[in-house]
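Below is one structure, written out as structure tokens, with a few remarks after it.
There are 2 protein chains.
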Amino acid sequence: MTPANLSAAKAALSHLETDENPVSVRAKSRDFFWYSPVLKARLDHLTADFVVAPKTEAEVIEVLRVAYAHDVPVTTRGAGTGNYGQAMPLAGGIVLHMKNMAAVVAVHPGRVIVQPGCLLKDVDAATRSRSGQELRMFSSTWATATIGGFVAGGSGGVGSCTWGALRDLGNIIRLRVVTMEAEPRVLEFTGEELHRVSHAYGTNGIITEIEMPLAPAYDWVEVFVATHSFPDATAFAADLGREDGLLKKLISVYEAPITQTYFQRVAPHVSPGQALIGLMIAPHAMDAFLTFTARRPGARVIWRSDRPDWDREPGPVFEYGWNHTTLRALKVDRVITYLRVRYAGHDFIDKVETIRAAFPGEVMQHLEEMQENGPVVFAGLSLVRFITEARL
Amino acid sequence: MTPANLSAAKAALSHLETDENPVSVRAKSRDFFWYSPVLKARLDHLTADFVVAPKTEAEVIEVLRVAYAHDVPVTTRGAGTGNYGQAMPLAGGIVLHMKNMAAVVAVHPGRVIVQPGCLLKDVDAATRSRSGQELRMFSSTWATATIGGFVAGGSGGVGSCTWGALRDLGNIIRLRVVTMEAEPRVLEFTGEELHRVSHAYGTNGIITEIEMPLAPAYDWVEVFVATHSFPDATAFAADLGREDGLLKKLISVYEAPITQTYFQRVAPHVSPGQALIGLMIAPHAMDAFLTFTARRPGARVIWRSDRPDWDREPGPVFEYGWNHTTLRALKVDRVITYLRVRYAGHDFIDKVETIRAAFPGEVMQHLEEMQENGPVVFAGLSLVRFITEARL
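Sequences listed follow chains U and B, in order. First residue of the first sequence: 50, per this note's numbering; consecutive thereafter. First residue of the second sequence: 50, per this note's numbering; consecutive thereafter.
Encoded structure:
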């Protein structure tokens with residue numbers, strides 16, 4: 050890529066919505082890579098040369114054709130809420146910003162057709178109001194992230210305790226993709242072919258339309274449960290995950306002192322050493338849920354959103370879970386980062402305890418329950434006190 | 050119970066809807082007990098003295114008060130589609146027929162409130178038309194059985210491959226019950242208390258109102274898959290049951306020669322020795338389902354209800370499953386009965402093979418997949434060639 054290439058590409062795309070202001074171009078070249086001290090050191094300087102925000106698939110094709118012709122790299126970006134630098138231009142060039150392609154195209158029983166730049170919360174708002182449905186799963190950045198970014202960069206999230214991961218059969222129905230080549234092609238992927246582009250960060254095609262399955266939208270009751278011990282919490286979460294008739298959307302587990310140190314509005318309601326479980330339960334499953342909880346002397350409901358009784362309400366319980374846990378910890382303590390772990394197999398709870406025992410004080414267990422083709426597993430998003438890169 | 054008691058009870062209830070015609074009283078005293086050659090020999094002679102069909106809960110209370118006062122037994126009955134004589138009067142007296150209490154009282158997001166005499170198909174019709182919802186599960190006698198009979202006598206059915214058994218937490222929300230004592234009480238049961246009356250055949254209280262969870266109603270695609278071998282079929286069923294993102298309502302497995310001998314409209318489409326799988330798949334999961342199937346060289350879709358291509362359509366696929374399998378076999382071969390088996394544990398497929406090997410020609414495997422608090426299991430409703438009671 051030479052300055053001449055860049056100038057030619059810019060000129061060829063000048064009739065589209067572009068941005069060359071260095072400050073805003075730099076802002077649009079960054080995501081939440083700073084979750085990682087390793088990536089922070091390596092990616093902080095990156096910036097694109099300019100930003101293009103296409104309004105139609107035809108404009109996407111035009112951008113890709115021009116960029117290919119002039120050998121200019123293209124980095125696709127939704128809202129930039131990923132944690133791994135997936136939306137950052139490693140070699141400058143164009144950031145392809147999808148904010149202008151945000152229409153909810155159609156809502157049908159069990160599915161929605163939507164453009165990639167639509168925010169997750171706007172997908173849900175549209176499917177709720179038009180049909181009483183909502184997305185099966187979303188990232189904890191629901192309020193700010195896009196559906197395109199979720200499909201291209203995410204793996205699962207709130208809802209995965211019932212529906213499994215995004216990659217599992219049935220959790221994405223169809224992706225429409227534009228290729229980057231001399232003459233870009235428009236391809237429709239379903240079934241086995243979906244894996245070519247989902248979770249590929251736009252590196253092998255730009256998603257221009259997404260068809261996702263929907264589930265019924267309920268007024269989920271958000272719940273916090275405190276348990277005497279961490280093993281009480283993991284057993285609670287594992288067993289609850291196995292209750293197929295008890296409809297839920299979130300089961301997050303937090304070892305002490307995560308709640309006590311990082312969840313300011315929850316901290317006054319737990320004792321030192323207590324673990325916390327964050328939950329979303331269907332309203333018509335609350336009787337079943339309270340029955341389940343009453344069987345466990347070590348567990349106590351401390352918050353339910355349908356009967357608020359705290360002076361300061363905690364806000365959405367899902368905004369304590371998944372990657373928001375690390376975000377909350379980072380706000381309090383800049384040395385925190387996290388590591389993704391998968392605890393599976395019949396002894397998955399024992400594996401968690403082995404890791405707990407190995408890194409006392411350095412690693413704090415944060416677990417998210419997922420269905421994994423039958424058995425429940427924990428996705429670990431362990432909070433880690435960063436010491437050195439080698440140690441990490 | 051003396052004739053004097055009976056006469057007094059009859060007189061006291063004569064203002065209600067009663068039936069004393071011996072022919073119709075006998076008909077209303079029978080269920081599908083004749084599935085079992087053992088029960089057929091033992092229960093065939095049973096009949097009540099008269100039938101009362103209350104129209105309101107107040108009338109139920111009146112019947113129970115009068116029956117208690119005169120020491121007359123009461124046997125509650127929905128549509129009489131049970132297979133175990135649960136609705137048959139072992140000692141005469143009154144059959145309490147619930148057909149007049151069949152109102153769908155209210156439909157809310159995720160739940161329905163209904164009277165016990167409502168047919169399962171009428172519950173679904175009402176919840177579909179009012180709200181786009183349907184029952185999570187139903188017996189294969191959906192078209193003729195009542196919701197009260199299902200809750201009081203059933204254990205699960207079509208839908209259990211996703212939602213588990215009726216007894217599992219969350220699959221019944223609330224039961225309203227009238228007790229039989231000098232002054233009958235009206236009790237509301239939820240949570241742990243539900244087990245006092247669900248699956249108790251009305252023996253310790255008469256259900257007068259039922260609150261059940263609902264799921265979204267889809268235009269389920271009904272599918273038959275033929276497999277080369279029976280192990281191909283069990284592996285297919287087990288793995289499909291574990292696909293949490295692939296929404297389904299039925300997974301039935303039939304060993305050869307069940308299809309070849311008893312399923313007349315399906316038989317022309319399978320080869321000798323092939324096993325059959327009956328399925329209900331959500332329309333928006335069909336891409337995922339066909340992807341799943343394409344991974345298995347031993348499996349082939351031979352029927353899908355959304356693309357009918359047989360000269361004679363097979364009718365609802367669920368009417369081949371659960372207790373309808375035995376019914377179809379009985380129509381062809383009067384020596385058939387069935388045994389309920391549960392195949393669970395990590396080696397549940399091996400257990401099926403052990404039983405297969407032990408009773409060649411005598412026992413034919415019919416399996417229904419269920420979720421069982423996490424793992425999938427098979428409910429076996431094995432077809433058995435009845436030889437003697439001792440052998441059975």
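By construction, the Cβ of each residue, glycine as well, lies at the ideal position given by its N, Cα and C atoms.
In the structure shown, what three-state DSSP assignment does residue i receive?
i: U/E271; result: strand
i: B/T228; result: coil
i: B/I436; result: coil
i: B/H119; result: coil
i: B/R216; result: coil
i: U/G429; result: strand
i: B/D68; result: strand
i: B/G327; result: strand
i: U/Q164; result: coil
i: B/K298; result: strand
i: B/E420; result: For the sequence presented, residue 420 of chain B should be read as Gln rather than Glu. Looking at B/Q420 - three-state DSSP - the assignment turns out to be strand.
i: U/F187; result: strand
i: U/A145; result: Correcting the residue identity first, residue 145 of chain U is Leu in this sequence and not Ala. Looking at U/L145 - three-state DSSP - the assignment turns out to be strand.
i: B/L139; result: coil
i: B/M150; result: coil
For residue i, which residues in chain U fall below 8 Å Cβ to Cβ?
i: B/R389; result: Under the 8 Å cutoff, chain U gives no residues; its nearest Cβ is about 20 Å from B/R389.
Run down chain U in chain order and give the residues with a C-beta less than 7 Å from the C-beta of residue i.
i: B/T239; result: D336
i: B/N220; result: G294
i: B/G213; result: D293, G294
Just to confirm, are residue i and residue j a CB contact at a threshold of 8 Å?
i: B/S78; j: B/T51; result: no
i: U/V246; j: U/V235; result: no
i: B/T211; j: B/R223; result: no
i: U/V315; j: U/P363; result: yes
i: B/A324; j: B/A343; result: no
i: U/V319; j: U/T308; result: yes
i: B/V401; j: B/Y387; result: no
i: U/D171; j: U/E183; result: no
i: U/V101; j: U/T67; result: yes
i: B/T130; j: B/G166; result: no
Between the alpha carbons of residue i and residue j, how many angstroms are there, rounded?
i: U/V272; j: B/A116; result: 47 Å
i: B/E411; j: B/I256; result: 40 Å
i: U/A53; j: U/F99; result: 14 Å
i: U/H277; j: U/G370; result: 20 Å
i: U/V112; j: U/P103; result: 8 Å
i: B/H146; j: U/I330; result: 37 Å
i: B/E242; j: B/V153; result: 23 Å
i: U/V390; j: U/S431; result: 7 Å
i: U/L88; j: U/R383; result: 14 Å
i: B/A337; j: B/A286; result: 15 Å
i: U/D355; j: B/Q164; result: 28 Å
i: B/R126; j: B/G251; result: 8 Å
i: U/G327; j: B/I385; result: 52 Å
i: U/S204; j: U/E418; result: 13 Å
i: B/A61; j: B/A282; result: 58 Å
i: B/D396; j: B/G290; result: 15 Å
i: B/A406; j: B/N132; result: 27 Å
If you follow the alpha helix (DSSP H) that residue i is part of, which residue opens it and which one closes it?
i: U/F279; result: 279 to 290
i: U/K59; result: 52 to 61
i: B/S180; result: 169 to 180
i: U/H373; result: 372 to 381
i: B/T310; result: 307 to 311
i: U/V350; result: Note, U/V350: premise wrong, no alpha helix (DSSP H); beta strand (DSSP E) at 348 to 353.
Check the Cβ of residue i against every Cβ in chain B and list those closer than 8 Å, keeping chain order.
i: U/R314; result: Within 8 Å Cβ-Cβ: nothing; U/R314 doesn't reach chain B, min ~29 Å.
i: U/F341; result: L218
For the beta strand (DSSP E) that contains residue i, what are its first and last residues?
i: B/F99; result: 99 to 101
i: U/E242; result: No beta strand (DSSP E) contains U/E242, which DSSP labels as neither H nor E.
i: U/I221; result: Run containing U/I221: none; DSSP gives neither H nor E here.
i: B/A264; result: 255 to 265
Please list, in chain order, the chain B residues whose beta carbon lies closer than 9 Å to that of residue i.
i: U/D217; result: E292, D293, G294, L295, A337
i: U/P333; result: Note that residue 333 of chain U is His in the sequence shown here, rather than Pro. Under the 9 Å cutoff, chain B gives H157, P158, G159, R160, G219, I222, E260, P262, L263.
i: U/P443; result: This structure cannot settle anything about residue 443 of chain U, because the visible part of chain U is limited to 50 through 441.
i: U/Q323; result: Neighbours of U/Q323 on chain B: none; closest Cβ ~25 Å, over 9 Å.
i: U/Y392; result: Going along chain B, no residue has its Cβ under 9 Å from U/Y392, so there is no contact; the nearest lies around 15 Å.
Would you please verify whether the beta carbon of residue i is less than 8 Å from any beta carbon of chain A?
i: B/Y84; result: Of the protein chains in the structure, U and B, none is chain A.
Interface residues of chain U around residue i at Cβ under 9 Å?
i: B/Y267; result: P158, G159
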